[in-house]
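Spelled out as structure tokens, the structure:
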């Protein structure tokens with residue numbers, strides 16, 4: 033019998049077909065020749081004392097070496113695809129950072145410059161209807177504050193609208209208050225509507241400062257609505273449901 037194993041200490045990880053005699057009892061260690069030959073595997077040669085030992089994990093079993101070799105090749109291809117995806121995500125992250133720097137320069141900033149902190153005395157995140165009302169009043173009367181808030185929130189980054197919103201929302205709304213908010217503010221649900229607020233417009237402009245995303249108002253409504261809906265889970269209610277215990281009222 034043969035086993036398909038993944039060598040867990042390698043980076044990137046690789047898979048191979050090996051005779052069972054090369055493995056320890058729990059398939060966690062594999063003896064491996066310094067100069068392996070395909071005939072060693074095909075003929076299930078006995079491991080020698082000078083072979084090195086490598087940590088591994090069992091991925092599958094095969095009756096013959098040809099079947100196992102095919103499976104191992106497919107697994108190596110999968111590892112290669114996953115590694116390429118990881119490299120692409122890292123490239124996208126770097127590109128996003130560069131684009132953010134370029135965008136700041138075009139807005140009159142300097143390379144490496146980060147937005148200043150919010151003006152002293154800013155009461156964020158919003159934690160109640162009263163604090164939302166006070167924020168709305170300030171956004172109506174203090175244009176410098178409104179612009180500073182847009183710049184501050186626009187620096188949070190993100191590669192998609194959803195990701196950008198996930199970074200912005202905790203800055204402006206607490207999880208507890210988010211549980212009683214939605215976009216429309218439908219009276220039958222007793223919710224506080226954010227869709228028509230000046231805060232929502234600030235978030236909209238902040239998201240669109242991100243050069244890596246294009247956001248329409250309907251896109252923002254969907255993303256913010258999703259974040260608000262998930263506030264109960266972020267506040268620990270998901271684990272309560274998982275245990276079968278009703279959440280606190």
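Numbering (the numbering used here), first residue to last: 33 to 281. Glycine included, each C-beta is placed from N, C-alpha and C at the ideal position.
Span separating the alpha-carbon of residue i from that of residue j
{"i": "residue 224", "j": "residue 215", "result": "8 Å"}
{"i": "residue 252", "j": "residue 212", "result": "18 Å"}
{"i": "residue 41", "j": "residue 88", "result": "8 Å"}
{"i": "residue 36", "j": "residue 71", "result": "17 Å"}
{"i": "residue 229", "j": "residue 239", "result": "16 Å"}
{"i": "residue 207", "j": "residue 120", "result": "33 Å"}
{"i": "residue 61", "j": "residue 73", "result": "16 Å"}
{"i": "residue 200", "j": "residue 67", "result": "55 Å"}
{"i": "residue 34", "j": "residue 80", "result": "18 Å"}
{"i": "residue 90", "j": "residue 59", "result": "6 Å"}
{"i": "residue 233", "j": "residue 217", "result": "16 Å"}
{"i": "residue 56", "j": "residue 198", "result": "47 Å"}
{"i": "residue 175", "j": "residue 162", "result": "21 Å"}
{"i": "residue 145", "j": "residue 64", "result": "In this prediction, residue 145 has a pLDDT of 45, which is less than 50 and means its spatial position is unreliable; what the coordinates show is noted afterwards. Roughly 53 Å between the two C-alpha positions."}
{"i": "residue 78", "j": "residue 116", "result": "36 Å"}
{"i": "residue 92", "j": "residue 258", "result": "40 Å"}
{"i": "residue 237", "j": "residue 183", "result": "9 Å"}
{"i": "residue 311", "j": "residue 222", "result": "The requested residue 311 is not part of the displayed model; the chain covers only 33 to 281."}
{"i": "residue 177", "j": "residue 160", "result": "20 Å"}
{"i": "residue 168", "j": "residue 265", "result": "27 Å"}
{"i": "residue 83", "j": "residue 49", "result": "16 Å"}
Exposure of residue i, with buried meaning 16 or more beta-carbon neighbours within 10 Å
{"i": "residue 231", "result": "buried"}
{"i": "residue 85", "result": "exposed"}
{"i": "residue 166", "result": "exposed"}
{"i": "residue 51", "result": "buried"}
{"i": "residue 47", "result": "buried"}
{"i": "residue 69", "result": "exposed"}
{"i": "residue 153", "result": "exposed"}
{"i": "residue 242", "result": "buried"}
{"i": "residue 38", "result": "buried"}
{"i": "residue 188", "result": "buried"}
{"i": "residue 179", "result": "exposed"}
Identity of the residue in the options nearest residue i by Cα
{"i": "residue 202", "options": "169, 250, 256 and 227", "result": "256"}
{"i": "residue 263", "options": "182, 210 and 79", "result": "210"}
{"i": "residue 190", "options": "73, 247, 178 and 162", "result": "247"}
{"i": "residue 76", "options": "54, 58 and 258", "result": "54"}
{"i": "residue 150", "options": "226, 237, 65 and 181", "result": "181"}
{"i": "residue 227", "options": "164, 173, 178 and 90", "result": "164"}
{"i": "residue 192", "options": "177, 179, 254 and 173", "result": "254"}
{"i": "residue 194", "options": "174, 173 and 250", "result": "250"}
Integer Cβ distance of residue i from residue j, believed to fall under 8 Å
{"i": "residue 235", "j": "residue 185", "result": "7 Å"}
{"i": "residue 196", "j": "residue 158", "result": "So it is not a contact: roughly 19 Å between Cβ atoms."}
{"i": "residue 204", "j": "residue 260", "result": "Going by Cβ atoms, the distance from residue 204 to residue 260 rounds to 12 Å, so no, they are not a contact pair."}
Distance cut-off 7 Å: residue i Cβ against heavy atoms of the ligand MN
{"i": "residue 246", "result": "As for the ligand MN, it is missing from this structure, which has no ligand bound."}
Completely contained alpha helix (DSSP H) runs for the segment 203 to 230, where each covers 4 or more residues: Taking only runs of at least 4 residues, the alpha helix (DSSP H) segments lying wholly in the segment 203 to 230 are 207 to 210.
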